[in-house]
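Worksheet for the structure shown next.
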Amino acid sequence: MAHRDVLDALLHDYTTRAEAIRRDLGRSHSADFAEQAQQRQNDEVLEALLAEAEHGLLLVRQAQQRLAEGRYGECLCCGEPIEAARLAALPVAEYCLGCAQFN
Numbered sequence: 001m002a003h004r005d006v007l008d009a010l011l012h013d014y015t016t017r018a019e020a021i022r023r024d025l026g027r028s029h030s031a032d033f034a035e036q037a038q039q040r041q042n043d044e045v046l047e048a049l050l051a052e053a054e055h056g057l058l059l060v061r062q063a064q065q066r067l068a069e070g071r072y073g074e075c076l077c078c079g080e081p082i083e084a085a086r087l088a089a090l091p092v093a094e095y096c097l098g099c100a101q102f103n
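Residue numbers for the sequence shown follow the UniProt record's numbering, so the first one is 1 and each next one is one higher.
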């Protein structure tokens, strides 16, 4: 699968996930106090998941920008190519394995 296709699929996944979480967060809460407490705990988990999805969206958009500029797969630190296996495992990778240990 081409890098562009992989990034597009990731963007779709993160967007879908974020939208679903926002819908869940927007639901109305129960009038029962005990249920409200449980729902608040659930909301905290959902807020953390939303932050993770939004961070994923940011990373994908940055990777897409690098792809558009012809810099995708180039380490932002040393300028060397990022290992193909690393990009296959982490398509939004910004650093080669050597530089990732220091960043």
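Cβ coordinates follow ideal geometry from the N, Cα and C atoms, glycine included.
query	result
Give the single residue among 49, 81, 27, 76 whose Cα lies nearest to the Cα of residue 104.	Shown here, the chain extends from 1 to 103; a query on residue 104 therefore has no answer.
Given a threshold of 16 other Cβ atoms within 10 Å of its Cβ, counted over all protein chains shown, does residue 45 qualify as buried or as exposed?	exposed
Name the two residues that bound the continuous alpha helix (DSSP H) containing residue 2.	Counting along the chain, residue 2 falls outside any alpha helix (DSSP H), and DSSP gives it neither H nor E.
If you follow the alpha helix (DSSP H) that residue 86 is part of, which residue opens it and which one closes it?	84 to 89
Who are the Cβ neighbours of residue 73 in its own chain at under 7 angstroms, not counting the five residues just before and after it?	81, 82, 87
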